[in-house]
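Asker: Here you go, one structure.
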Amino acid sequence: MPDKKVLVYTPEQITARVAELGAAIRRDYAPLLAEGEQLLAVGVLNGAFIFMADLVRAVGDLPVEVDFVRLSSYQDRTTSSSEVVMTKNLEKEIRGRHVLVVEDIADCGLTLAWLLAFLKKRQPASVRVAVAVDKRARRETPVDLDYVGFSLDDGFLVGYGLDYAEKYRNLPAIYEVVTPAG
Ligand code: IMP
Ligand code: MG
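Counting in the numbering used here, the sequence shown runs from 2 upward without gaps.
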């Protein structure tokens, strides 16, 4: 049976919001970066790949370098397992750098809390977090989110990089999947 999907954010809404986040990031970081220094955006694969691509193009003339980690706390299911596994590490040295984590969703908060602890051990100059969507209702581990695209309570979302069992990442809008089993 095909999954039932309900439109939540249109591509136009996403584009407009990402432009606002990009402008805020540019405004906040421009005074922090020294001459010749670049912001290091760290995207969390796979979910953040589209948000990351849009966000780094929305910061105007702010110099940005990119790196990626791959983390997994979900196994093809709509429930979070309690473990975070890093299957791809950073490739850049982050000590003394201004780091912006770019993640698709903050849900329970476990993944971001794990990554922030991992990054802070490496003594960056600063770490901030940008998420496309903040799902607040299931938060267990508190995390400070500096740039939030959209906030909602709950619902399983797909599209704009987000998947349900590796499907729908390529959809340009964000939908809620309404599964028959709930
Ligand atoms: P957390 O550790 O519960 O905050 O899990 C966050 C991770 O779970 C995100 O990076 C997403 O990859 C995934 N996730 C959480 N909610 C959704 C959703 O609604 N759709 C797709 N992936 C989700
Ligand atoms: Mg993810």
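Note that the Cβ used here is the ideal one computed from N, Cα and C, for glycine as well.
All values derive from a computational prediction rather than experimental measurement.
#1: Looking at ligand 1, does it come within less than 7 Å of VAL130, judged from the CB to the closest heavy atom?
#2: Write down the C-beta distance between VAL144 and ALA114 rounded to the nearest angstrom, noting that I regard them as a contact closer than 8 Å.
#3: Would you kindly report the start and end of the unbroken beta strand (DSSP E) that includes TYR176?
#4: Does ILE15 come out as helix, strand or coil in the three-state DSSP assignment?
#5: Does the region 152–166 come into contact with the region 31–43, if we say contact requires no fewer than three beta-carbon pairs (one atom in each stretch) closer than 8 Å?
#6: What do you reckon, are the CB atoms on ASN90 and VAL70 nearer than 8 Å?
#7: Of all the beta strand (DSSP E) runs that stay within the bounds of the region 21–81, which reach a length of 3 or more residues?
#8: On the DSSP letters alone, give me the boundaries of the alpha helix (DSSP H) that ALA118 sits inside.
#9: Mind checking whether the beta-carbon of PHE50 lies closer than 7 Å to any heavy atom of ligand 1?
#10: Less than 7 Å between C-beta atoms, sequence neighbours within five positions excluded: which residues of the same chain meet that for VAL149?
Answerer: So, from the data block:
#1: Numbered from its first residue, the sequence shown carries residue 130 at position 129. Not so, every heavy atom of ligand 1 lies at least 7 Å from the Cβ.
#2: Within the sequence shown, numbered from 1, the residue matching residue 144 stands at position 143. Within the sequence shown, numbered from 1, the residue matching residue 114 stands at position 113. Contact between VAL144 and ALA114 is confirmed by a C-beta separation of about 5 Å, below the 8 Å threshold.
#3: Start at 1 with the first residue of the sequence shown, and residue 176 comes out as number 175. Counting along the chain, the beta strand (DSSP E) containing TYR176 begins and ends at 175–179.
#4: Residue 15 sits at position 14 when you count from the first residue of the sequence shown. Taken through DSSP and simplified to helix, strand or coil, ILE15 comes out as helix.
#5: When Cβ pairs closer than 8 Å are counted between the two stretches, the region 152–166 is seen not to touch the region 31–43, the count staying below three.
#6: Residue 90 sits at position 89 when you count from the first residue of the sequence shown. Residue 70 sits at position 69 when you count from the first residue of the sequence shown. A contact, by the Cβ cut-off of 8 Å.
#7: The region 21–81 contains, as complete beta strand (DSSP E) runs of 3+ residues, the segments 40–46, 65–73 (chain order).
#8: Here residue 118 refers to the residue found at position 117 of the sequence shown. 111–121 is the extent of the alpha helix (DSSP H) around ALA118.
#9: Position 49 of the sequence shown, counted from the start, is the residue given in the question as residue 50. The answer is no for PHE50.
#10: Looking up residue 149 in the sequence shown gives position 148. VAL132, ASP135, listed in sequence order.
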